[in-house]
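Mapped onto our numbering, the consecutive letters of the sequence shown carry residue numbers 519 to 735. We put the CB at the ideal spot given by N, CA and C, even for glycine. Quick caveat: nothing in here was measured; it's all calculated off a predicted structure. Data block below; observations after.
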Amino acid sequence: MGVVDDLVAGREAFERREWAVARDRLTGATDLGADDLETLALAAYLSGDHDTCLGAWQRAFRMRQDSGETRLAFRDAFWIAFVLDSTGHESVAEGWVARAAGLLESQPEDTDNTVERGYLDIHALYRHIHRGEFPEALDLAERVSAAGQASGDANLLAMGVMCRGRLLIFSGCVRDGLALLDEAMVWVAGGEASPIVAGHVFCSMVEACQQIGTSAG
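Rendered as structure tokens:
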């Protein structure tokens, strides 16, 4: 199969959610643009190939940055940090968070960065959770939700509402927490959130149910 066929086949496999096939086909293609590199990164992550994922997203980031696509470069930096953080590479993730924040600082002062600030808050939110600083985490979860509500960004809404739900369950407000998890699932079930976010919300729902079941037992 030629490189053009690989590219088309990879795109089509991604649309069918055949992540491993999409990764293999796109890896076999050459001269990928930033859009296809981002698709390859996502397909690789969802098929468990984190090295290919990070490599593709870093290449996409450099392309976006070189072409002056600051907001898209920011998104790439965010997802690189998100993947690194979720795979136990927190210190390297912090470097990418700083790089993403630096891109925002380079924007004109009157630029509306509500969405981007919300994404940065996700990282800070998880830092507080990992340190057991739950009141601070809840404040940030509410800020992420508010940013999602103001912008209509499904990832922010799903992540913010999901984290609020889990934190409420931790604090003993099980009924209210479960209601928020159900709300987060609405954004996932509608296919509006990124597959990565969808996976995190699904896993969080399962963990919450296990937590409640253990507590009840």
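Cβ distance (whole Å) where V615 is taken to contact A665 below 8 Å: In fact, because the Cβ distance is near 16 Å, the residues do not count as touching under 8 Å.
Among P713, Q728 and M723, nearest to E556 - alpha-carbon criterion: P713
CB-CB length for R534 against L558, believed under 8 Å: Not confirmed; about 15 Å, so no contact.
Alpha-carbon to alpha-carbon, G546 and E660: 43 Å
CA-to-CA distance, M703 to A697, given in whole angstroms: 10 Å
Anticipated Cβ contact below 8 Å, L602 with A595, distance rounded: Incorrect: roughly 11 Å between the Cβ atoms, too far for contact.
Simplified DSSP state of S624, which is helix, strand or coil: coil
C681 burial status per 10 Å Cβ neighbour count (16 or more: buried): buried
Contact check, D639 vs L658, beta carbons under 7 Å: yes
Candidates F720, R684 and E710: closest to Q729 by CA position: R684
7 Å Cβ cutoff met for W597 and L564: no
Distance, S689 Cα to H502 Cα: Look at the range of the chain in this structure, 519 to 735, and you will see that residue 502 is not part of it.
A664: first and last residue of the uninterrupted alpha helix (DSSP H) it sits in: F652 to S669
Cβ distance (whole Å) where A672 is taken to contact A711 below 8 Å: 4 Å
Alpha carbon of C571 to alpha carbon of A618, nearest angstrom: 18 Å
DSSP state of R649 mapped onto helix, strand, coil: coil
Straight-line gap, D694 to A676 (C-alpha atoms, nearest Å): 16 Å
Close Cβ partners of H646 (< 8 Å) along its chain, the five nearest in sequence each way excluded: F652, E654, A655 and L658
Per-residue burial, A562 [other beta carbons within 10 Å of its own, 16 or more giving buried]: buried
Cβ pair A599, A578 closer than 7 Å: Between A599 and A578, the C-beta gap is not smaller than 7 Å, which leaves the two residues out of contact.
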